[in-house]
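Participant: Right, I'll just put the structure down here and ask away after.
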Amino acid sequence: MRTEDASAAPAPVRLADYRPPAWLIESVRLTFDLRPRGTRVTARLALRRNPDGDGGPLRLDGRNLRLVAASVDGAPVSPETDAEGLTLSGTASGAALPDAFVWEAVTEIDPEDNKALEGLYLSRGMFCTQCEAQGFRKITFFPDRPDVMAMYEVRIEADAGSCPALLSNGDLIESGALPKGRHYAVWRDPHPKPCYLFALVAGDLRETRADFTTVEGRQVRLGVWVRPGDEGRTAYAMDSLIRSMRWDERAYGRAYDLDVFNIVAVDDFNMGAMENKGLNIFNAKYVLASPETATDADYARIESIVAHEYFHNWTGNRITCRDWFQLCLKEGLTVFRDQQFTADERSAPVKRIEDVVTLRARQFREDGGPLAHPVRPEEYIEINNFYTATIYEKGAEVIGMLHTLFGPEGYRKALDLYFERHDGQACAIEDFRRCFEDATGRDLTQFARWWSQAGTPEVGVEESWQEDGGRYALIFRQSTPPTPGQPDKAPLVIPVALGLLGANGDDLLPEGTRIVELTEAETAVTFEGLPARPVPSLLRGFSAPVRLIRETSDAERAFLMAHDSDAFNRWEAGRAYAVDVALRMAGGADADPAFLDALDALASDESLDPAFRALALETPGEDELARETFARGTPADPQALHAARDALRRAAAGRMGDALERLHREMTVPGPYSPDAAAAGRRALRNRALGLLVARGAPDDLARAAGQFERADNMSDAFPALAALVHADAPQAAAALAAFHDRWRDDPVVMDKWFAVQATAPADDALGRVRALTEHPLFDWLNPNRFRSLVGAFAAGNPSAFHAADGAGYAFLADWLIRLDAKNPQTTARMAGAFETWGIYDAGRQRLIRDQLERIAAAPGLSRDTGEMVSRMLG
Ligand code: 0A1
Ligand code: ZN
């Protein structure tokens, strides 16, 4: 037996230590005898020694498994097991293992007791699996690594009454009745896959069906499976799936490759969704939608997640990752693909603005703190901690820059080559990069630093102007701040899309927008023969994930807000201006009337898409303001920023009252609710106007929100009105909350909104209210959605209360993290990231946060997941 030192920090896994697997698997046969408390799994693996392996013994991963029996080629063996798996050095007779043999093992697991929601677990009576990244080892002993790919045949046996639906990957090849009220189904997946893409679902589920014929002529049966009663809320997920399938055929030439594609909604899920081959499993909140229960934002999110998981079929499943360090190979690329899809289906500039808001809020935040890591990390302790904004969102930006550098044709050529060359393989970033190099003839050695170098690059800009000859020069200086483990940074390839505007707002460059590549620490670009000094529009479309640092004037920002032909930069000018004004207000200034005028002009410009105008009216968030304060050299004061932001909103509503009232009156959408982008954009603008009016806070304003809530026949009208009332602590809030509760108490997806809207309300006694809600009978802390909707929403969405100077908010979060960690390490570890910005606050708050992090670190039996996060944050 191996003895373990519980106090020793677990050893990190290193990219540099990658070795090919010693054993490969030809085929896998699994039999599940499903029972809530004692499920038996029989695994039959046809193993073959890898000629490229190290010739070592057979090592199988396994966690929390009870080994009932094992055999090699039918002869029983009793391998030694340890906490992480088992090692088999020879046969029962002591002979060396043959180069090919059949391993069979029976293991027993306890799905009901599995609250970590990894491996096989029960969610409200339904069996389901989550195997990425390393959950399969909680089902059976197996080489749980993505470069071991095999064909699977899966037999599921379960109680026919409670589990009429039995699903797994691939095609159904057989099913039938068994004695004692049980039944079975056999599924076969013809495509070799790594075990993290295995999935099984068994439960009382109802299917919404549709048929789809691929461009290649394959008839595919599509199914969306939900609990009885939820069938009326599947149409949008199905519609999104069909549009995604068509889009991937058109945009990438990729068709679906099985006769069945199923989506299942589950209530208990750590993440958003999972791309298991032919059987995508979704957090129910990203499937279920009806006009009464889902907002426009929910619809948009469902569309993009359905697309994301579907797109993984080619980028992730057909071509998978060699090891988990290559996670961005599938995630960055698939996020980029889903962003392109949404841009095509809805509005490209609006999508880009939304993505950049998220990138800054999540990824820049991560990149600027103790959890910063490269898009391809070089070591980890717990891989589940690396499903991050950096790997997903910055990973997507890196792909986006390749798209910008090579244009749509060059990009498509490289991707065609990638699919052709690597179909069926487990790849590394270098394989992907080589496809671009071979397809375009360009060396990407320097570009590849985007995958290896962490931190958000800063690009400083200086200009010079010579009347004589109309010479205008831009000097760019790039640098990347140090991040943990990476003190020194090298220059990156940064594509800067730029335009030059004349006095009347016209683009002066003949091509409108030019792509300038920065490759050195300093790059100068000169333009000649300009009629007058231009106003530069830099980093159009946010062409690289960098912080642009440039001295500019309010007048220039207002000019760009009014004139830039690049919609993103029009918005960006307004956003940067709003941040400046808010920070000046935090320092005691009044709201800048010129800014309010510019904002009013933008919001009232009827030539602009309402969705765009709604984004322009969004007030920068408190976390963004806090990080910006710190970037300018001062610790952030969360309460002062909250007050300043509120004051800015009140001032905006005061200045723009008439326009806002008009928008609220006119931006209605006639006819029954439809989630399309145009209708959603009008509602977004209308609700933005309502939010600002409620911030003004006159009785009429509150009555307007209460009226909208009462009259609403859809959630997109009802919820923003409720949120405005609750966040303003309006007299009508309590009745509205009660009505909402009474109507939706039995609907978990909707009730999460009820918890979250209260958790994020910035009242004086916010923490007291949140504490009281933890006693609410519907607060099920073991359900990740519910936990996130209360504890998570408070920590991430109520900064003035979470960062209360007495540290009570911090202690509250730490208490809950310690409690949840014993059951669900993954969700706990993710939420611990709420503390990652500790460095931007004053010494007092820093001390208080570090005290809580140390308290968590000292909790007995702390998981590897949370342990790693906390120790990285403590530095
Ligand atoms: N691959 C999924 C997300 C996912 C990742 C990890 C999980 O468990 C640790 C679950 C889901 C996606 O990108 O959608
Ligand atoms: Zn993904």
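If you use our numbering, the sequence shown closes out at 1067, no skipped numbers anywhere. By construction, the Cβ of each residue, glycine as well, lies at the ideal position given by its N, Cα and C atoms.
Check whether the stretch 823-841 and the stretch 562-576 are in contact - that is, three or more C-beta pairs closer than 8 Å.
Facilitator: no
Participant: Is the closest heavy atom of the ligand ZN to the C-beta of GLU523 under 6 Å?
Facilitator: yes
Participant: Going by beta carbon distance, what residues of the same chain come within less than 7 Å of LEU636, once the five residues before and after it are set aside?
Facilitator: ARG625, PHE628 and GLU629
Participant: Per DSSP, what are the beta-bridge partners of ARG347 in this structure?
Facilitator: THR223 and VAL378
Participant: Are three or more beta carbon pairs between the stretch 373-382 and the stretch 244-263 nearer than 8 Å?
Facilitator: no
Participant: Got a sec? Which residues, its chain only, sit under 6 Å from ALA881 by beta carbon, not counting five neighbours each side?
Facilitator: LEU852, LEU855 and HIS856
Participant: Thinking C-beta only, is GLU546 closer than 7 Å to GLY587?
Facilitator: Taking 7 Å as the Cβ cut-off, GLY587 and GLU546 do not qualify as a contacting pair.
Participant: Say yes only if the C-beta of ALA465 is nearer than 6 Å to one or more non-hydrogen atoms of the ligand 0A1, and no if none qualify.
Facilitator: yes
Participant: Just to confirm, is the Cβ distance from THR507 to THR534 under 7 Å?
Facilitator: no
Participant: Among VAL452, VAL717 and ALA689, which one has its Cα closest to the Cα of THR405?
Facilitator: VAL452
Participant: Flag this pair as touching only if the stretch 381-394 and the stretch 311-331 have three or more C-beta atom pairs under 8 Å; answer yes or no.
Facilitator: Output reads yes: the stretch 311-331 touches the stretch 381-394.
Participant: Just to confirm, does TYR502 get its C-beta within under 6 Å of one of the non-hydrogen atoms of the ligand 0A1?
Facilitator: no
Participant: Taking just the CA atoms, how far does PRO213 sit from ASN242?
Facilitator: 7 Å
Participant: Just the C-alpha distance for ARG194 and ASP274, rounded to the nearest angstrom, thanks.
Facilitator: Since pLDDT at ARG194 reaches only 36, below the 50 mark, its modelled position is unreliable, and the value read off the structure follows with that caveat. Distance between the alpha carbons of ARG194 and ASP274: 6 Å.
Participant: Should VAL918 and VAL942 be called a contact, given that it needs their Cβ atoms to be closer than 7 Å?
Facilitator: no
Participant: Do you know how far the Cα of PRO202 is from the Cα of GLU196?
Facilitator: Confidence at GLU196 is low in this model, with a pLDDT of 42, below 50, so its placement is unreliable and no value can be given for it.
Participant: Among the candidates PRO954, TYR344 and PHE1027, whose CA atom is the shortest distance from the CA of SER992?
Facilitator: PRO954
Participant: Which residues mark the beginning and the end of the beta strand (DSSP E) in which ALA665 is found?
Facilitator: 663-671
Participant: By the three-class DSSP mapping on this structure, what secondary structure does CYS355 have?
Facilitator: coil
Participant: Can you say whether THR279 is buried or exposed, counting buried as having 16 or more other CB atoms within 10 angstroms of its CB?
Facilitator: exposed
Participant: Whose C-alpha, out of ARG1056, LEU722 and ILE741, is nearest the C-alpha of LEU730?
Facilitator: The shortest C-alpha separation from LEU730 is found at ILE741.
Participant: For PRO812, count neighbouring C-beta atoms within 10 Å of its own C-beta (all shown protein chains included) and say buried if the count is 16 or more, exposed if not.
Facilitator: buried
Participant: Which class does MET341 belong to by DSSP, given the choice of helix, strand or coil?
Facilitator: coil
Participant: Please identify the residue among PHE224, ALA926, GLU659 and TYR502 whose C-alpha is closest to the C-alpha of ASP431.
Facilitator: Out of PHE224, ALA926, GLU659 and TYR502, TYR502 has the C-alpha closest to the C-alpha of ASP431.
Participant: Report buried or exposed for ASP1069, applying the criterion of at least 16 other Cβ atoms within 10 angstroms of its Cβ.
Facilitator: Any answer about residue 1069 is impossible in this case: the structure gives the chain only from 193 up to 1067.
Participant: Would you check whether the ligand ZN has a heavy atom nearer than 6 Å to the C-beta of THR534?
Facilitator: Answer for THR534: no, Cβ out of range of the ligand ZN.
Participant: When burial is assigned at 16 or more other CB atoms within 10 Å of the CB, is ILE365 buried or exposed?
Facilitator: exposed
Participant: Taking just the CA atoms, how far does ARG329 sit from ALA198?
Facilitator: Note on ALA198: pLDDT 47, under 50, position unreliable in the model; the coordinate value appears next. For ALA198 and ARG329, the distance between alpha carbons rounds to 21 Å.
Participant: How about the stretch 484-493 and the stretch 467-476: do they share at least three Cβ pairs that are nearer than 8 Å?
Facilitator: Touching, no, given that fewer than three Cβ pairs across the two stretches are closer than 8 Å.
Participant: Using the DSSP secondary-structure output, state which residues sit across from LYS945 in a beta bridge.
Facilitator: In DSSP, LYS945 forms no bridge with anything.
Participant: Taking 6 Å as the cut-off, is the C-beta of GLU324 nearer than that to any heavy atom in the ligand 0A1?
Facilitator: yes
Participant: Let's test the definition: count the other Cβ atoms within 10 Å of the Cβ of GLN638 and tell me whether it reaches 16, buried, or not, exposed.
Facilitator: exposed
Participant: Got a sec? Which residues, its chain only, sit under 6 Å from ASP265 by beta carbon, not counting five neighbours each side?
Facilitator: Excluding positions up to five away in sequence, the list reads PHE293 and VAL294.
Participant: Going by beta carbon distance, what residues of the same chain come within less than 7 Å of ALA759, once the five residues before and after it are set aside?
Facilitator: PRO541 and PHE804
Participant: LEU965 and GLY1001 - do their beta-carbons sit closer together than 7 Å?
Facilitator: no
Participant: With the cut-off set at 7 Å, would you say ILE473 and ALA481 are in Cβ contact?
Facilitator: No, they are not a contact pair.
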